[in-house]
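Okay, structure first, notes after.
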Amino acid sequence: SDTARERIKPVPQSWYLDLNMIAAYVSSNGGARAYHHTAPISMIFSLHAGLGAVLDEGILEVIARHAACGEAIQTGVQNLGLELFAAKGHRLPQLTSVWVPEDRLPGSATEADVRSLLLSRYGIEIGGGLGPVAGKVWRIGCMGNTARLRNVELLLGALDEILD
264 SDTARERIKP
274 VPQSWYLDLN
284 MIAAYVSSNG
294 GARAYHHTAP
304 ISMIFSLHAG
314 LGAVLDEGIL
324 EVIARHAACG
334 EAIQTGVQNL
344 GLELFAAKGH
354 RLPQLTSVWV
364 PEDRLPGSAT
374 EADVRSLLLS
384 RYGIEIGGGL
394 GPVAGKVWRI
404 GCMGNTARLR
414 NVELLLGALD
424 EILD
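Once you know that position 98 of the sequence shown is 361 in our numbering, the rest is easy, because the numbers rise by one and skip nothing.
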């Protein structure tokens, strides 16, 4: 749509998915053709598979599943005594950030040690904070196919076992 094209006017920093360039390329009326790029085919197939999965499940069901998992993580980490980073009204179901509980890290472990232990012992990967909150916050993603209540329960159980 014209409105969508107006919103993407800022020039992207790469050709990776420059929608303005793609639109100009496919709508050329016999004028000089600009070189475009070949998008990574794995990206196209992944997009196709992901959108197919959403259509199979139903968009409203996907949204509800993510909302339920986000609520379960946020409630669960608070029940473990952890403090949410984002204020109410600024939280996302797909990403829950919590303050690292310095007083509950096992022994002399760092927050990175706990993240490594989650990965090696339980196969669960969570991210550390970035920028000014590096080392102070954990970022817990729960999106796409991983947004399942059983995964939330596994994470909460693992954190409960690890933290003092």
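Idealized CB from N, CA, C, for every residue including glycine.
Out of curiosity, what's the CA-to-CA distance linking G398 and V377?
To locate residue 398, count along the sequence shown from 1; it is residue 135. To locate residue 377, count along the sequence shown from 1; it is residue 114. About 11 Å.
Does the distance from the C-beta atom of W401 to that of I389 stay below 7 Å?
Within the sequence shown, numbered from 1, the residue matching residue 401 stands at position 138. Within the sequence shown, numbered from 1, the residue matching residue 389 stands at position 126. Against a cut-off of 7 Å, the Cβ pair of I389 and W401 comes out as a contact.
Can we say the stretch 311 to 323 touches the stretch 333 to 341, given the rule of at least three CB pairs closer than 8 Å?
Output reads no: the stretch 333 to 341 does not touch the stretch 311 to 323.
With a 10 Å radius around its C-beta and 16 neighbouring C-beta atoms as the bar for buried, classify T301 as buried or exposed.
By one-based count along the sequence shown, residue 301 stands at place 38. Answer is exposed; the Cβ neighbour count stays below 16.
Relative to the alpha-carbon of M306, which residue among A286, L280, I285 has its alpha-carbon at the smallest distance?
Within the sequence shown, the letter at position 43 stands for residue 306. Closest option to M306, Cα to Cα, is L280.
Would you tell me roughly how many angstroms separate the C-alpha atoms of E328 and G391, rounded to the nearest one?
In the sequence shown, the residue the question calls residue 328 occupies position 65. In the sequence shown, the residue the question calls residue 391 occupies position 128. Here the sequence assigns Arg to residue 328, which means Glu is not the residue at that position. Answer to the nearest angstrom: the Cα atoms are 25 Å apart.
Buried or exposed, going by whether 16 or more other CB atoms sit within 10 Å of the CB of A350?
Counted from its first residue, the sequence shown places residue 350 at position 87. Exposed, since its Cβ has fewer than 16 Cβ neighbours within 10 Å.
Could you say which of V317, G339, A330, T266 lies nearest to G420 if we only look at CA atoms?
Taking the first residue of the sequence shown as 1, we reach residue 420 at position 157. For the set V317, G339, A330, T266, the Cα lying nearest the Cα of G420 is the one of G339.
So, using beta-carbon positions, are V363 and E346 closer together than 7 Å?
Here residue 363 is taken as the residue at index 100 of the sequence shown, counted from 1. Here residue 346 is taken as the residue at index 83 of the sequence shown, counted from 1. Contact flag unset, no.
Looking at the secondary structure, which residues open and close the beta strand (DSSP E) in which R328 lies?
Position 65 of the sequence shown, counted from the start, is the residue given in the question as residue 328. Run containing R328: none in the beta strand (DSSP E); it sits in the alpha helix (DSSP H), 322 to 342.
Opposing strand residues paired with I403 [DSSP bridges]
Counting from 1 along the sequence shown, the entry for residue 403 is found at position 140. DSSP lists T359 as partners of I403.
Go through its chain and collect everything with a Cβ distance to A372's Cβ below 8 Å, but skip five positions before and after it.
Mapped onto the sequence shown, residue 372 falls at position 109. Excluding residues within five positions, the ones whose Cβ falls inside 8 Å are L380.
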